[in-house]
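Visitor: Read in order, the letters of the sequence shown correspond to residues 5 to 141 in this note's numbering. Think of the CB as a built atom: it goes at the ideal place given N, C-alpha and C, for glycine as much as any other residue. Since the model is a prediction, treat every value here as computed from it, not as a measurement. Input: one structure, supplied below.
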Amino acid sequence: MRIGKDLIDEIVAHSRDARPRGERGEECCGLIGGSDGEMTSVHRARNAAATWLRYEVHPSDQFRIMERIEADGEDLVGIYHSHTNSPAYPSQTDVNLAAQWPGVLWLICSLEDYDIPVVRGFRIRDGEIEEEDLDVV
Ligand SMILES: [Zn+2]
């Protein structure tokens with residue numbers, strides 16, 4: 005999947021905004037628009053769960069962003085969230101949630117090392133996790 009460096013930077017910025025240095029913070033989340041094989045827009049959403057343990061895309065943000073993505077002629081191609089203090093790998097909670105959103109690429113931004121954020125992409129199908137390389141351009 006192709007993704008612009010500026011979009012990766014925005015996901016990292018959102019992750020850090022939700023978890024300031026030295027604080028426990030919260031997981032952040034958002035939706036990603038694009039087309040087949042390319043991510044072209046990142047949209048911040050509120051974490052309705054408001055905790056560092058998990059995330060839940062706020063329903064009204066989800067509605068608003070989906071309308072925007074459609075109006076821009078894009079498709080929903082990805083969902084991102086942060087891990088405030090664990091590796092960039094889907095948790096069991098993430099795998100369970102994935103069943104509700106078939107076909108999207110899951111981006112996880114880890115702030116386990118605050119100064120070296122890691123963003124990785126995964127396909128999750130029928131409970132199986134498969135990493136997909138991000139072609140950052
Ligand atoms: Zn997660």
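Enumerate, from N- to C-terminal direction, the unbroken alpha helix (DSSP H) stretches of 4 or more residues contained entirely within the stretch 80–110.
Guide: DSSP runs (the alpha helix (DSSP H)) wholly in the stretch 80–110: 96–102.
Visitor: So what does DSSP say about histidine 18, is it helix, strand or coil?
Guide: Correct three-state label for histidine 18: helix.
Visitor: Would you mind working out which of Gly131, His87 and Glu42 sits nearest tyrosine 118, comparing C-alpha positions?
Guide: Here the closest residue by C-alpha is His87.
Visitor: Considering only heavy atoms of ligand 1, list every residue whose Cβ is less than 5 Å from one of them, following chain order.
Guide: Checking every Cβ against the heavy atoms of ligand 1 under 5 Å gives Ser95 and Asp98.
Visitor: Please report the straight-line C-alpha distance between aspartate 139 and glutamine 104, rounded to a whole angstrom.
Guide: Taking the straight line from one Cα to the other gives about 26 Å.
Visitor: Can you tell me whether leucine 109 is buried or exposed, with buried defined as 16 or more other CB within 10 angstroms of its CB?
Guide: Burial call: buried.
Visitor: Helix, strand or coil for isoleucine 36, going by three-state DSSP, please let me know.
Guide: In the structure shown, isoleucine 36 sits in a strand (DSSP, three-state: E or B).
Visitor: Opposite glutamate 27 in the DSSP bridges: which residues?
Guide: Bridge partners of glutamate 27: none, in fact.
Visitor: Would isoleucine 170 pass as a contact of proline 94 if the rule is Cβ separation under 8 Å?
Guide: Nothing about residue 170 can be read from this structure; the chain reaches only from 5 to 141.
Visitor: Among His18, Asn51 and Ala92, which residue has its Cα nearest to the Cα of glutamine 66?
Guide: Here the closest residue by C-alpha is Asn51.
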